[in-house]
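*Asks:*
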Amino acid sequence: MDVKAGVKLCITCLSAYLLLACTSYPDEGTGGIAENYAGSDFSPVMPDEPLGPEHGLRFDWKLAALHLDSLIEEGAQWCFPAAVLQAQEKQNRIARELEGGLWIDAANDIVIQRKKLNDLELRLDYVLNEATCAPPLKGKDFDDLMQVVKRVYHLLNVDNQFAYNSIEVNPKYMGHLAEAANILKQHPTIRLAVTGHADATGGTEYNEKIAKGRAQQVKRYLTIFGLAPGRIETHSLGEELPLYEGDSPGVRLTNRRVSIEVIADKNSNATQGAL
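So this is what it looks like as structure tokens:
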């Protein structure tokens, strides 16, 4: 049985599993899914508990976990180690949101996660048609690279990046860009994909334009701080895929942002050409 057929079988089994409400509680003291992606699971739906939207979100979370696991089995962790690392972190974030009852936040992140996993699958299929992915590094070297990826990712994906109706970078975020650029200059195999976002207060065409401007402005400053322009690609989603739903000033501030993927695909020329 190939991996994708196995995933379909697992999804079928999972559907029956959830409908029968047979999932188990995490062991006492482990912290459940918020602590451990690989073995995490949710509390069962009790017989007298009415079904609500959270149960569908839990199911969607599990499907995304199965999708990610299948990509890892096909070699994604070696072809695109940074993308896999960030997908695993996103799974943990969604799990924490579900455990905390943040249904809207979880739903938004699940949509984003699905898109990222679909993109990763397309990239992986392309690469595997051209080459075989193998571990690019071993032991401490690989661990060190992943620590750099995590550090840069968390530096660049923070809140409060842009003011209302502006593409100008806030001073604090400017410091994050400078620090990230200095780190990346020491790691030439790492690249960035910068996607601009806008809040929902303007028209669709305007929001697309300002989101694109934000992504380009971030690229401009990273270049000023010494990063080669060829290592940065830019995209725009306008008001689509907001980080949070709502129209409060705090929510709008958070949705005026760029999201940045850190790409560390070192192992083959075919991989680099696929991006």
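Residue 239 in the UniProt record's numbering sits at position 239 of the sequence shown, with consecutive numbering throughout.
The beta carbon of each residue, even a glycine, is placed where N, CA and C say it ideally should be.
Leaving out the 5 sequence neighbours to the left and right, which residues in its chain are closer than 7 Å to Val111 when beta-carbon positions are compared?
*Replies:* Leu241
*Asks:* Assign Gly203 to buried or exposed, taking buried as 16 or more other Cβ atoms, counted over all protein chains shown, within 10 Å of its Cβ.
*Replies:* exposed
*Asks:* Let me check understanding here. Comparing Cα to Cα, which of Gly175, Arg191, Gly250 and Ala107 lies closest to Phe59?
*Replies:* Ala107
*Asks:* To the nearest angstrom, how far is it from the Cα of Arg191 to the Cα of Val148?
*Replies:* 12 Å
*Asks:* Quick one: what does DSSP say Met46 is sitting in, helix, strand or coil?
*Replies:* Unreliable placement is indicated for Met46, whose pLDDT of 48 sits below 50; the coordinate value is still reported in the next sentence. Coil, per DSSP.
*Asks:* If you draw a straight line from the C-alpha of Tyr126 to the C-alpha of Ala76, how long is it?
*Replies:* 12 Å
*Asks:* Return the Cβ separation of Glu208 and Gly238 in integer angstroms, given the expectation that the two are a contact with Cβ distance under 8 Å.
*Replies:* 4 Å
*Asks:* Smallest Cα separation from Leu243: which of Thr195, Arg220 and Phe225?
*Replies:* Thr195
*Asks:* Suppose you measure from the CA of Ser166 to the CA of Ser259; what does that come to, to the nearest Å?
*Replies:* 16 Å
*Asks:* Ala180 and Asn170 look like a contact to me (Cβ under 8 Å); what is the Cβ gap, rounded to whole Å?
*Replies:* Beta-carbon to beta-carbon, Ala180 and Asn170 are separated by about 15 Å, too far to satisfy the 8 Å threshold.
*Asks:* The beta strand (DSSP E) with Leu192 in it runs from where to where?
*Replies:* Ile190 to Gly196
*Asks:* At which residue ranges does the UniProt domain "OmpA-like" (149 to 266) contain complete beta strand (DSSP E) runs of 3 or more residues, listed in the order of the chain?
*Replies:* 190 to 196, 232 to 236 and 258 to 264
*Asks:* Quick check on the burial criterion: 16 or more other C-beta atoms within 10 angstroms. Buried or exposed for His154?
*Replies:* exposed
*Asks:* Using 8 Å as the threshold, is the C-beta distance between Gln113 and Ala82 below it?
*Replies:* Result no, Cβ atoms of Gln113 and Ala82 do not sit closer than 8 Å.
*Asks:* Check this for me: beta carbons of Ala198 and Glu261, under 8 Å apart or not?
*Replies:* no
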